[in-house]
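Since the structure comes first, as structure tokens, the remarks are kept for the end.
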Amino acid sequence: MYKLGLIGYPLGHSMSAVIQQAGFKSIGETGSYDILETPPNELIDRVKFLKVNNYDGFNVTIPLKVPISLFLDEIDETANIAGCANTVKIMSDKSFKGYNTDIYGFRAAIPNSSRLVGKTAGIIGTGGASRAATVGLIQAGIKVVNYYSRNIINSSAMINSMRNSFPEITFNNYQLQNIRNLSDISILVNCTPVGMRGNSMDMMPITRLSLEELPKDALVYDVIYNPMKTLLLKEAESLGLETVSGLDMLIYQGAKALEIWTGKMPDVQTMKIAALEELY
Numbered sequence: 098m099y100k101l102g103l104i105g106y107p108l109g110h111s112m113s114a115v116i117q118q119a120g121f122k123s124i125g126e127t128g129s130y131d132i133l134e135t136p137p138n139e140l141i142d143r144v145k146f147l148k149v150n151n152y153d154g155f156n157v158t159i160p161l162k163v164p165i166s167l168f169l170d171e172i173d174e175t176a177n178i179a180g181c182a183n184t185v186k187i188m189s190d191k192s193f194k195g196y197n198t199d200i201y202g203f204r205a206a207i208p209n210s211s212r213l214v215g216k217t218a219g220i221i222g223t224g225g226a227s228r229a230a231t232v233g234l235i236q237a238g239i240k241v242v243n244y245y246s247r248n249i250i251n252s253s254a255m256i257n258s259m260r261n262s263f264p265e266i267t268f269n270n271y272q273l274q275n276i277r278n279l280s281d282i283s284i285l286v287n288c289t290p291v292g293m294r295g296n297s298m299d300m301m302p303i304t305r306l307s308l309e310e311l312p313k314d315a316l317v318y319d320v321i322y323n324p325m326k327t328l329l330l331k332e333a334e335s336l337g338l339e340t341v342s343g344l345d346m347l348i349y350q351g352a353k354a355l356e357i358w359t360g361k362m363p364d365v366q367t368m369k370i371a372a373l374e375e376l377y
């Protein structure tokens with residue numbers, strides 16, 4: 098029996114436990130998946146708790162994906178290149194090994210990703226989710242990434258890191274308040290919590306006017322999964338734009354995490370059905 102969990106804050110609307118329990122059943126395993134609300138100032142105590150209480154691993158979400166790196170004894174290539182981890186495996190000697198399954202999950206959820214080869218992407222926000230989205234987009238063939246953030250000074254460190262890792266890619270940094278000229282954007286990704294249930298469900302990170310600037314064949318992707326259709330996605334669909342919900346990303350990254358912990362890849366469709374039943 099596996100003992101797993103999720104750390105982050107807030108976690109009131111998380112569906113990870115439902116998805117992982119479905120994943121366990123699909124591979125013939127049993128286990129617990131605890132929801133462990135952890136504000137940043139309690140991270141040190143939470144790390145000690147996870148070690149002492151014999152957890153096999155845990156997922157990490159907002160706002161701890163970057164801070165958790167301070168406690169990792171080893172990281173695989175995905176976490177190294179993204180600069181953050183969302184999955185941790187606790188080894189037999191109680192050491193922590195970090196992975197980033199968000200990259201896999203993000204890219205797996207993009208329909209017909211070959212259309213993005215040589216194109217330009219727009220990413221709203223520069224936190225942990227945007228790091229994974231950036232790597233996933235580059236793997237899909239994107240050549241230019243435009244970031245839109247509230248504070249371009251705070252985001253500059255992350256962007257400089259990406260420039261060092263991917264010198265062949267063009268990275269641009271813009272203030273979100275001045276977002277404009279989206280006519281060359283092939284995929285626009287929201288990596289902020291704006292639009293999340295319990296946070297700001299009746300809000301969008303950008304205006305409808307900005308969405309109207311996107312090409313008619315652009316893809317709008319929101320990493321938020323609850324609600325499945327954020328206001329951003331609803332507005333994009335009303336304009337005839339194709340959209341992707343964060344639910345698929347959540348499921349794919351969760352499946353990859355379970356494979357890391359157990360050595361078995363769960364059935365993604367089983368996990369998605371469980372998630373949809375929880376949502377509706």
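So the number in this note's numbering is just where the residue sits in the sequence shown, counting from 1, plus 97. Even glycine gets a Cβ: it sits at the ideal position worked out from N, Cα and C. For clarity, every value in this text was computed on a predicted model and none was experimentally measured.
Which of helix, strand or coil does DSSP assign to residue i?
i: E309; result: coil
i: N251; result: helix
i: S246; result: strand
i: F203; result: helix
i: G128; result: strand
i: G195; result: strand
i: L108; result: coil
i: G219; result: strand
i: E139; result: helix
i: Y377; result: coil
i: I83; result: The first residue shown for the chain is 98 and the last is 377, placing residue 83 beyond what the model contains.
i: I348; result: helix
i: T327; result: coil
i: I256; result: helix
i: I282; result: strand
To which residues does DSSP link residue i through a beta bridge?
i: D319; result: N287
i: T340; result: V317
i: G102; result: D131 and F155
i: Q272; result: S246
i: K186; result: G154 and K194
i: T267; result: V241
Where does residue i land, buried or exposed, given buried means 16+ other C-beta within 10 angstroms?
i: A176; result: buried
i: K162; result: buried
i: Q109; result: Note on identity: in this sequence residue 109 is Gly, with Gln being the wrong assignment. It is exposed - the Cβ of G109 has fewer than 16 other Cβ atoms within 10 Å.
i: R143; result: buried
i: R277; result: exposed
i: I141; result: exposed
i: N156; result: buried
i: G225; result: buried
i: Y130; result: buried
Quick one: measure Cβ to Cβ for residue i and residue j, integer angstroms, because I've assumed they're closer than 8 angstroms.
i: M293; j: L328; result: With a Cβ gap of about 11 angstroms, M293 and L328 do not count as contacting.
i: L133; j: L103; result: 6 angstroms
i: T359; j: I124; result: 6 angstroms
i: I266; j: K240; result: 6 angstroms
i: Y106; j: P160; result: 7 angstroms
i: P137; j: P164; result: 6 angstroms
Given 6 angstroms as the limit, tell me if residue i has its C-beta closer than that to any heavy atom belonging to the ligand GTP.
i: N287; result: Summarising the ligand content, the structure contains no ligands, and the ligand GTP is consequently not present.
Inter-stretch contact at 8 angstroms, needing at least 3 Cβ pairs: the stretch 322-340 / the stretch 181-190: no
Inter-stretch contact (C-beta, 8 angstroms, three-pair minimum) for the stretch 254-262 and the stretch 303-317: no
Three CB pairs or more closer than 8 angstroms across the stretch 241-248 and the stretch 258-271: yes
Segment contact flag, the stretch 367-375 with the stretch 98-118, C-beta cutoff 8 angstroms, min 3 pairs: yes
Meets three-Cβ-pair contact criterion under 8 angstroms: the stretch 216-236 and the stretch 190-204: yes
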